[in-house]
Structure formats: C-alpha cells, structure tokens
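Protein chains in written order, with this note's numbering: chain W, 577 to 980; chain C, 6 to 340. Built from N, CA and C at the ideal position, the CB exists for glycine as well.
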Amino acid sequence: MAAPKPKSDRVRIETDRSWESGRSKSVTFVVTEDCQLRCRYCYMVGKNKAARLGFDVARKAIDYLLTERELVAEGSVVWDFIGGEPFLEVGLIDRICDYFKLRAYELSHPWFESYRFSFSTNGLLYGDERVQSFIAKNAAHLSVQITLDGTRAKHDLQRVYPDGRGSYDDVVRNLPRWLEQFPKSSTKVTISSDDIPYIKESVLHLWGLGIREININGVFEDVWKPGDDERFEDQLVSLADEIIARKLYETHSCSFFSKSIGRPYFDNTNWCGAGRMLAIDHLGNFYPCVRFLGFSLQNREALTVGNIADGLDRNRLRPFLSLDMVTQSPAECVACDVATGCAWCQGANYDFASTRTIFQRSVALCKMHKARVRANNYFWNRLGRELGRDLRAEPGDGEGPGPC
Amino acid sequence: MLKYLLVVLSEDATSFCHYETGRRSKSGRGLIALDHLRAAVIFALKHNLKVNALYPARRMPKAYEAALEEVEHVKIAPFPAGRRHPGAILVVEGGAFPAGAELRTLRDANVILRLRRADLPRLAVLVGRLLPRTTRINLVLADLESFGPEDLAAYGRELEKLRRRCLAIAPGRPRPEINVLTDRLALDRMNNCEAGLTHLTVAPDGRLYLCPAFYGAGAAESLGEIRNEIAVPNRHLLELRYAPICRVCDAFQCRRCIHLNRRLTLEVNTPSFQQCRAAHAEREASRLCLNALRERDGAAAGQVEIPEVPYDDPFDVVLKAKTTIAEFQKMRGSS
C-alpha cells in the first residue's frame, strides 16, 4: 500500500499544539519532587521524597485560579502534572482533577467546557492499575507523553535508576498499550553531549517502535564539548539521507527538521511562555514555570510569582510579560543570520546569568543550533531536489523553536 | 558616563529617596572612615565627578568637612541640620514636618520632601507650606512600594489639588518648581535617576554601590572597592533601551528607581505598577497644568507636548503592542 501523501510542503513538522496556544492557560502542579529515576541530564537537580503536594494546597490553588478572572482570563486550561514522576501520585492527581471539574461546574466557569489534563511521564508506572483507571476515567481530556530516549544504548546512557541500571526495558514494555490508547502521541528526546553518537539510530528506532512524532531538544546547560557541533551535524545529515532514501518524511516527523528555522529574526517577541504559564509547588507557591522551583536551579534561589494565600504577584509577573527577544539577547544573536529556531529557556537563563536576572540569554547552544541549521538546510535542499520542488523557506518564515 | 558620586557620610545620614536610612548598622551611627572619604574625593577628582554628600543630623568632624572641601560638592542634609549647612539641599520628612517658626528659617531653598503613605491626605497642604520659601521642591513617596491602587488614586487627587494651588500663583511671579508637577513641562525625553550610569555611591563601609538603597540591601550588592576600573555587572540593563516598559513611556519625569524595581519586580529594568501609576498620575497632573498654563500664558507656557493617553500604566501598552525587530531598532536608535 502506498504511503499517504504529506498534507503540505511543510511535510510533517509539528505536533498539534492547539492546546499550547495563547488562548489556554497552562497550570503545572508539581505533585512530587521524587522520581524512580536519576536521569543524568535532568535539570531537576534537587530531587527528594519530602516535597509532596497535599490536596488542600491544590484545592486552594484551584479555588484561587477559578476566581481570579482578571489575571487569569484565558478561556481554556491545560492542567499539567509533573514531578519528579507524576504518576507516583496518581491518587492525589485523581482527587485534584475531580475537584477541578466539580468546582468549575459549580461556578459555571468556562474552563469546565474546555480543559485538558497533561502528563509527561517516564512510563514506568503506565501499566499500573490505578494509572489505567485514571486514564479510563479522563480519556476524553487527557494527553500523556511517555519519554523514551531512543535505542537501549542511548536511553540507558542517561535514564537510569539510582543504582545505575538503565530503564529502557521497563519503559518499552508499556509502549504498546500507550500507543494503542494515544496513537497520535509524540515522545520527547533529550540530547546531551554523550548522546550525540546515538541520535540517528535513536530516531529511526523510535519510529520503528511506532512513535511517529519525535521532539528533540539539546539540554540548556552548558555541557557541550569542542567538536560536538560537528558530530551533531554529521548525525543529522546522515539521518536526513536516511529519511529521504526511505521516504520517511511522508509519514514521520522529527523536530530537528523544520523549514522555519535558520532565518534572521523578524519578530521581537519572547517565545518562552514562562510567566504566562504557572507552576505550583507543595507549599502553594506560584512560579513562572517549573524551571524556577528550587529543585530545578543549580545557582540561584527559587523565583516565585505569588502563592495561594496572597494570589499572583502582579509586580513579579511584569518582567516575564514584558520580556522580548532583543532585550535579553546579545547583539550577535539579534544580528544572527540563522537565528530562528535557536532555543533558550528562561529558567536556565536565570540560573546561569551573571546577575540575578531573566534578561541575560544563555548562548550555550549557539554552535549546536548552527550545526542543526546546516543539517536542516541540507535536508530541505535535498528533499526539494528529490520532489522537484523548492522547499526552502521564504524570508519572514521564521518562528520560535519547538517545545522545551 | 559617570557624572557624579554620592557619598553617604554615615549610617545615619539622611535618606533622600525610596529607602530608609540606617539599615545596615545596629547602632545606626557609624561614620565612613576618613581614609575612605579621602579615597572617594580623590576618585571624584580623577574622574571629573561632582560629589553629592549625604549628611546626618549631627555635626561631622572637621577633618571630614576639610576632605570634602577638596572637591566640588553639594551637601544634602536633614532639615534640622540646615543651619549648619547653608546652601545645602534639605530633606524634610512629612512625619516630622517643621513648625511654622522653623520653616521661616528657609529662604529660596531647594528642598526634598519625603512623604509616606500615611502623609498622603496632607500632601497638597504640606507642599503648599513650603512653596513660598522654596525655589524647588522634590517630592519623594518614601514608601511607594506599599502603595495600593487606592493610595495611587489618592495621590492623583492630591496632585490635582497641588496643581490648582500652583496655578493660583499670579502671572509674572516665578513658577515654583515641583518635580512631580512641573518637570514634565520642560522635558522631551527621559530624565531619570540613572543610578549606575551617571552616578555611583560610596557607602559608609567605603565600598561602591549602585545607590544608597543598594547599600541598605546588603553587602552582596556591593560593586567592590573604590578603584579606577569599575565593572557594573549587566550594566546595559540599567539603560532605558533595555527597559521594555520604560522605553515606550513618556512620563519623562519618572524617577525610574532601579532599586524599587529590584525590590518589587526582582529586575532592575522593570518598574512596578506603583512606580508606573504614580508617574502617570504626575504626568496627567502635568498635562492638565500645561493646558491651563497655555490658556493663561499662551506660548510662554513652553513648547513641550503632553498628549492625553488612554492608560495609566505603560505596561498595558507593552502587553498589547509587540514590536518587530525593525521597529525595535528604530526605537533603540532614537533612545
């Protein structure tokens, strides 16, 4: 049977992100700072068993957010549950979700008609009866993304238990059920320096397992070694050749290749949603995103933007909501010919800035981005020749990077 | 480019701005070491800086006065010490406002009036009492960080009273300068504090700070010892063009206090809603003042324009109007 044709010249490059667009509020409950794994690249450097969200704190947060219609005016909501590993607290999450639905109904709040529960999980507990029960109960409003990093070698290089054992087998055994329940799901792959040799085979492996959409990001920490950019570029070029030779572009996608990256900046907006989204910890503190919690930061103290008792701090939100690209970027980034798609993380910027500010953009990924752009150009030029069409981006096509 | 150096002569030296004095010392009385003062004076001489010396109420040792005489300087002293410092800028505290007899010692004075939230209902009255004896009044809302929306509205009402009082002064008489009311009438660009850009502060510990308020915030805020090459980390964030809210604003008289910014928004380049709304209450009072002056005095009222705007906080403008790179570069070129 012939493979289905792509819907547009963009081939398949992005997941359906309508739930992450500006019209919905993203609220993250950090239900636990514990996890069964100790992934070596994880930015959550302060994992612990003590910090667990209580139902009362969650209830007060929901009460506040449902009644603060001036500062929280979005018509939809994505409740994001994160950890650590969120499914360690599936019983609590179930109560939180029930409470939200009940209160939103009682208040005739617009979110009752437009909500989603979202999970990023390591997948280890996916087959657990309580998790499956929760999924069955909330299936119509649920997104679940299991993280699988690629081949066994790649995955087990980073995603390990505290004793150093890899977790690949324990995750993969849950994949068939996940893909059956969420057939359009994507996975998120994280790349650190040591992972570079495994990139091509990992993407192909994940596609082979049935995950058709893969979002890949380099870590924002400055872990990169001299020559990493060239090794990275080689991997992507080799992957591009394989995708074209096997016509995988018709049915699969990988965020490495996007027509919209590698152009000069046109728009001055800040693409990161920190501050527009909200994270809530076990103490009832509000954060611009999970990267601003203490356990996510290596060098700086946590940065809160309010709490359940006092509400959102309008003043502390102002820097996040007025932040633009140019103000936080070095001049060389503003003038960069291949700027679009170059990622930054507001929390990592804050953590690694020379003063306590969110206005100092880290450039740790600069060389890696440029390598990606070169490989990306190679891919689209070669694919264009293959298809007999010009697939190069037009000036002004630039847009922000993929999900963080 | 640095233009002047603030020198805080003691832990109990008067505050002239949005901070409280004596935060760092338990006794609250420690003098700056004489060697440190001399180092500050020499630094000022080498770098063509004028000195603004902040005095306490008590008498300073003669050696200190002698050291200061080596450099061009302005004295800023609390009102009770005014007689010892002829020509000084005097700081009047709203909570300890001088009695009538004391006020009569003033003549053509330059005064800083520090008012607190509790003093708001008396703002127009207190400024009014100073007006006949001053050439200029700098009004400072000392605890602006504690102002809520109702306080800011009350501030606007007091400014309106003050505007009417000023306009009542007969034509031909010198118009009294009141920073929050008349500065904007003469400004066509930002005229802010510029701590860290045009001035630095030598504190009682002999070290450099962005301003006296940063000294009060703790030793970690220090820029280090007095030396020829001073590095202000992320200095560019102090500049107007790196302040997304301020650079679209035309409340040019705003103090744009980077310390207040840091305290309330955690970022030196981002003003709080208190700062923005207070500055816009002043801008609106200035606009009405200008309109009335134009009606009364015609072209003599000046050429500056203050258009009516539909917001009281430029943050609202920033939220709605995202700029392209080209627009931003154009804006940056003109700032």
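Rounded C-alpha distance that separates residue i from residue j
i, j, result
"S768 of chain W", "R753 of chain W", "29 Å"
"R1019 of chain W", "N953 of chain W", "With chain W covering only 577 through 980, there is no way to say anything about residue 1019 of chain W."
"P773 of chain W", "S652 of chain W", "41 Å"
"C615 of chain W", "L785 of chain W", "22 Å"
"Q279 of chain C", "P154 of chain C", "8 Å"
"C611 of chain W", "W655 of chain W", "20 Å"
"L879 of chain W", "V707 of chain W", "32 Å"
"E826 of chain W", "K325 of chain C", "39 Å"
"G964 of chain W", "R958 of chain W", "10 Å"
"V575 of chain W", "A924 of chain W", "There is no way to answer for residue 575 of chain W, as the model of chain W reaches only from 577 to 980."
"L243 of chain C", "T931 of chain W", "12 Å"
"E74 of chain C", "T206 of chain C", "18 Å"
"L664 of chain W", "I250 of chain C", "43 Å"
"G133 of chain C", "L893 of chain W", "38 Å"
"N846 of chain W", "F102 of chain C", "48 Å"
"V13 of chain C", "G100 of chain C", "22 Å"
"D804 of chain W", "F832 of chain W", "16 Å"
"A82 of chain C", "M195 of chain C", "27 Å"
"V795 of chain W", "Y617 of chain W", "7 Å"
"L751 of chain W", "D745 of chain W", "10 Å"
"V648 of chain W", "V314 of chain C", "26 Å"
"S597 of chain W", "L298 of chain C", "Here S597 of chain W scores only 49 on pLDDT, less than 50, and its place in the model should not be relied on; the value that follows carries that caveat. For S597 of chain W and L298 of chain C, the distance between alpha carbons rounds to 50 Å."
"R43 of chain C", "T110 of chain C", "32 Å"
"L859 of chain W", "L144 of chain C", "41 Å"
"I820 of chain W", "I790 of chain W", "17 Å"
"A200 of chain C", "L897 of chain W", "25 Å"
"L941 of chain W", "C198 of chain C", "37 Å"
"R246 of chain C", "T275 of chain C", "12 Å"
Distance between beta carbons of residue j and residue i, contact taken as under 8 Å
i, j, result
"G92 of chain C", "L190 of chain C", "Not a contact, Cβ separation roughly 26 Å."
"G710 of chain W", "I669 of chain W", "Just to set this straight, residue 710 of chain W is Phe in the shown sequence, not Gly. With a Cβ gap of about 7 Å, F710 of chain W and I669 of chain W count as contacting."
"T723 of chain W", "N698 of chain W", "6 Å"
"T19 of chain C", "L50 of chain C", "Their Cβ separation, rounded to whole angstroms, is 25 Å, which puts T19 of chain C and L50 of chain C out of contact at 8 Å."
"E289 of chain C", "Q258 of chain C", "So it is not a contact: roughly 12 Å between Cβ atoms."
"F862 of chain W", "N891 of chain W", "Not really, about 13 Å apart at Cβ, beyond 8 Å."
"A256 of chain C", "H285 of chain C", "5 Å"
"C830 of chain W", "I787 of chain W", "That belief does not hold up - the Cβ atoms of C830 of chain W and I787 of chain W are roughly 10 Å apart, past 8 Å."
"E646 of chain W", "G887 of chain W", "Contact doesn't hold; Cβ gap of about 10 Å is too wide."
"V79 of chain C", "V97 of chain C", "So it is not a contact: roughly 17 Å between Cβ atoms."
Residues sharing a beta bridge with residue i, DSSP
i, result
"L893 of chain W", "According to DSSP, which records beta bridges pairwise, L893 of chain W is partnered with nothing at all."
"Y691 of chain W", "W:V653"
"N883 of chain W", "W:N861, W:G887"
"Q708 of chain W", "Paired residues: none, contrary to the question."
"S696 of chain W", "W:Q721"
"R628 of chain W", "W:T608"
"G742 of chain W", "W:V736"
"V79 of chain C", "C:N57"
"G229 of chain C", "C:L213"
"A680 of chain W", "DSSP, once it has assigned bridges, lists no residue as partnering A680 of chain W."
"H204 of chain C", "C:Y9, C:A200"
"K764 of chain W", "W:N791"
Spatial neighbours of residue i in its chain, beta-carbon cut-off 6 Å, leaving aside the 5 residues before and after
i, result
"K166 of chain C", "A129"
"R267 of chain C", "V273"
"N918 of chain W", "Looking at the sequence itself, residue 918 of chain W is Cys, so the reference to Asn does not match. The answer, listed in chain order, is H945."
Residues of its chain near residue i, where Cβ-Cβ distance is below 8 Å and the 5 sequence neighbours each way are ignored
i, result
"E230 of chain C", "G211, R212, L213"
"V621 of chain W", "F871, S872, L873, Q874"
"S690 of chain W", "S600, G651, S652, V653"
"A680 of chain W", "L642, W687, F688, Y691"
Spatial neighbours of residue i in its chain, beta-carbon cut-off 7 Å, leaving aside the 5 residues before and after
i, result
"A38 of chain C", "G211"
"L613 of chain W", "N698, R735, V736, Y737, S743"
"R122 of chain C", "D148, S151, F152, D156"
"A911 of chain W", "none"
"V866 of chain W", "T604, V606, I658, A855, S872"
"A579 of chain W", "At A579 of chain W the pLDDT is 38, less than 50, meaning the model places this residue with poor confidence; the figure from the coordinates comes in the next sentence. Contacts found: K823, E826, T827."
"L967 of chain W", "D585, K835, W956, L959, G960"
"A45 of chain C", "L10, V12, V207, I231"
"Y24 of chain C", "P217, A218, G221, H264"
"M555 of chain W", "No statement about residue 555 of chain W is possible, as the shown extent of chain W runs from 577 to 980 and does not include it."
Closer than 7 Å to chain A by CB, residue i
i, result
"I250 of chain C", "In the structure shown, chain A does not exist; the protein chains are W and C."
* Would you mind listing the beta strand (DSSP E) stretches within the stretch 767 to 815 of chain W that are 3+ residues and don't spill past its ends, in chain order? => 789 to 794
* Asked: At what residue ranges does the stretch 83 to 154 of chain C contain a whole run of the beta strand (DSSP E), taking only runs of 3 or more?
  -> 94 to 98, 114 to 120, 139 to 146
* To do: Any chance you could list the alpha helix (DSSP H) runs of at least 4 consecutive residues sitting entirely within the stretch 271 to 325 of chain C, in chain order?
  => 278 to 302, 320 to 325
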